[in-house]
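Step one of this worksheet: look at the structure below.
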Amino acid sequence: MVVFPHNRLVKAGRYLSFLKNDPLNQVPILRYDKKRKGLTFVIVFQLADSVQILNRSEKGYSSRLERIRFFDEKSLQAGLNRIPNVARESAQVLQVPGKGKGDRDWIRYYQPQELMFLAGGQEVSEDVYNPFRDARTWDGGEFGQADFEYRDYEGIQDFRPFWPQGESQPLVCRFSDAGADLLLMGWYYHGPQLKVSWRPDRKGARWRSSLVAVDRKTGRTFFQGNLFQIERASVPIFFDKLEIKNHKGSELDVLYQEIEKQIRAATLKERG
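Under the numbering used here, the sequence shown is numbered contiguously, ending at residue 273.
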């Protein structure tokens, strides 16, 4: 899960000086700075309920971020003309920092309400939870963590186990950054906060509940806790570094969708 800092919207017709009746005039170009030279763009659109990106495949586009076709100001118009006619109304142009793999984290498809806000046409509610925190290793106690007995989760309303319904087994995970194993049981809301139930995969370790947050610096989703047998030591555990050993339940994807909603809401509020 990544924060996408596009904060300016301009229409393609104005930016590229199209003729007044050009059908591509209304395509939104999403920017994150005010530079005028040396810019890099990608083009995304929706086709058959799926987000596509222009690339160098035989078809010319794909839902996968592979062989991406990048554009500058001079080639952008030609790129827009590559979009299938049936999908042109859904096209979006995104400014990205460069052509490296890390720059792909900036690629997404903006929803209509987000475009409205960036265009200045929508107010953003003040009552929005902010999921951003600083991910760091420290020895000053736990970060949003509380010890639970497993039976305690049975009393939590709307607790969502990661394992398929009807089973009670946790996900067995390997945290590659630390070379340690842990178990994930499920997730739930505590007020506006998302919490995940987990414990280190070692004898005698207790189940604990930790806050799911987004790192301010990298935009990666994590939870923080004492993974090792070191008193009061706390480390950030990033979801993208967890290797699921037994089964990836669909509830894990639902959790990612929930944190994405929080990211979008908080980002829109900050821009307002």
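C-beta atoms are modelled at their ideal positions from N, C-alpha and C, and glycine is treated no differently.
In the three-state reduction of the DSSP assignment, residue 107 falls in the helix class, which pools H, G and I. The beta-carbon separation of residue 52 and residue 95, rounded to 11 Å, does not stay under the 8 Å limit for a contact.
The residue from 92, 263, 210 with its alpha-carbon nearest to that of residue 185 is 210. Its Cα nearest to that of residue 160, the residue 187 stands out among 174, 89, 187, 107. Secondary structure of residue 210 (DSSP, three-state): strand. Secondary structure of residue 225 (DSSP, three-state): strand. Distance from residue 97 to residue 108 at the Cβ level is roughly 7 Å; contact confirmed, criterion being Cβ atoms closer than 8 Å.
Non-local beta-carbon contacts of residue 181 in its own chain, meaning distances under 6 Å to residues more than five positions away in sequence, involve 228 in chain order. Measuring C-alpha to C-alpha distances from residue 99 to each of 73, 8, 257 identifies 73 as the nearest. Residues 13, 25, 26 of the same chain have their beta carbon placed closer than 7 Å to that of residue 19, with the five preceding and five following residues left out of the count. Distance between residue 254 and residue 213, taken at the CA atoms: about 14 Å.
Shown here, residue 91 sits in a helix according to DSSP, grouped into three states. Going by C-alpha positions, residue 79 is about 17 Å away from residue 22. For residue 9, the CB contacts under 6 Å within the same chain, skipping 5 residues up- and downstream, are 32 in chain order.
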